[in-house]
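S.K.: Protein sequence lines, in the order shown, are assigned to chains F and B.
Counting from 195, one number per residue, gives the positions in the first sequence under the numbering used here.
Counting from -14, one number per residue, gives the positions in the second sequence under the numbering used here.
Where is the CB? At the ideal position from N, CA and C, for every residue including glycine.
On a predicted model such as this, the values are computed, not experimentally measured, just so you know.
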Amino acid sequence: MSKFAYLSVLLGCLVGTAWLEFFLRTKVYRRAVRLILTIFPVVVVFSIWDAYAIAQGHWTFDPRYVTGITTVANIPLDEILFFIVIPICAILSFEAVRSARNWEAGDEETK
Amino acid sequence: MTYTQLAVLAVLIAIVLDLYVFKTKLLRRRVFWVSYSIVVFFQLVTNGILTGFGIVEYDGAAIIGSTTPQDEPPTFIGDGRLIYAPIEDLLFGFSLVVLSLIIWIWLGKKGIQREPMAGPPRKSVHRLLGIK
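1. Is it true that the CB of L286 of chain F sits closer than 8 angstroms to the CB of E215 of chain F?
2. Distance, Cα to Cα, S196 of chain F vs N268 of chain F?
3. Looking at C-alpha atoms only, which residue of B:K8, B:R66 and B:V1 is the closest neighbour of D44 of chain B?
4. What would DSSP say about I62 of chain B, mapped onto helix, strand or coil?
5. Counting along the chain, where does the alpha helix (DSSP H) carrying F79 of chain B start and finish?
6. How big is the Cα-Cα spacing for I90 of chain B and K10 of chain B?
7. Classify W18 of chain B as helix, strand or coil using the three-state DSSP reduction.
8. I'd like to know whether the C-beta of V291 of chain F is nearer than 8 angstroms to at least one C-beta of chain B.
9. With the cut-off set at 8 angstroms, would you say I88 of chain B and T232 of chain F are in Cβ contact?
10. In the DSSP output, what is L130 of chain B paired with across the bridge?
11. Is R107 of chain B close to chain F? Criterion is C-beta to C-beta, closer than 8 angstroms.
12. For P101 of chain B, which residues in chain F fall below 9 angstroms Cβ to Cβ?
13. Determine the contact status of V203 of chain F and I34 of chain B, defining contact as a CB-CB distance below 8 angstroms.
14. With a threshold of 8 angstroms on Cβ separation, who are the neighbours of A294 of chain F within its own chain once the five nearest residues in sequence on each side are excluded?
15. V41 of chain B bridges to which residues according to DSSP?
16. Which partner residues does T264 of chain F have in the DSSP bridge list?
17. Which residues of the region 246 to 260 of chain F have a Cβ closer than 9 angstroms to any Cβ of chain B? Give them in chain order.
18. If I measure Cβ to Cβ from S80 of chain B and keep anything under 6 angstroms in the same chain, skipping five residues before and after, which residues do I get?
19. In chain order, what residues of the same chain lie with their CB nearer than 8 angstroms to the CB of V238 of chain F, ignoring the 5 residues before and after it?
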């Protein structure tokens, strides 16, 4: 356990889902523009929530286990990365299920 | 507002956004519920690590359960917690995942990198996936 404990969990999430891109051909990382456009508003919205929760003391981070780098409104860098990594993992899982089962997901028809 | 209140509110907002604002209707799709089941399992694992080791600690005034104790793990199951994490985290995670997927699908519907579509799985994983 170290300053990289939180980051290691996030790295584990990225490594644990990476195989889906290759073996299930999720094509999520390949659609990088769409992925970035998805993640950006999510990071903004959840950072606002995080900033409020930190200010109110809803949750705190053990300084032994986070990098110690803070961003805006006292949000640890580790948290910002969480709001990037988790959406990626969720989208990879979603596209993996779609790839495996061919189920309709709502973006098939041209608008 | 407490974390409990915010978490419930976030779920309600996510539902309204999905069904009525973006009309992505993920919550009515099998692909969502199957992938969410997988995601929530891994959420319990990773969140259990973050909260069980006390990397993230909670204030009892903000959650249903009590404050994360100093230098010992919180309750594994019970006291408003599930695998060390406050049950509010399940609502937080749900809204985070749903919001991400709403935007992802909405962008696809708008034609932003709709293609290449996912699939098909490689032959090497067909047996693992139960594909004949």
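M.R.: Quick answer:
1. Yes, the Cβ-Cβ distance between E215 of chain F and L286 of chain F is below 8 angstroms.
2. Computed Cα separation, rounded: 20 angstroms.
3. B:R66
4. strand
5. E73 to K94 is the extent of the alpha helix (DSSP H) around F79 of chain B.
6. 10 angstroms
7. helix
8. True, the Cβ-Cβ gap to chain B drops below 8 angstroms.
9. yes
10. Outside the displayed span of chain B (-14 to 117) sits residue 130 of chain B, for which this structure offers no information.
11. yes
12. R219, K221, R224 and R225
13. Yes. Within cutoff.
14. L218
15. F:F255
16. F:P270
17. Y246, A247, Q250, G251, H252, W253, T254, F255, D256, R258, Y259 and V260
18. Cβ neighbours of S80 of chain B beyond the five flanking positions: A(-5), V(-4) and A(-1).
19. none
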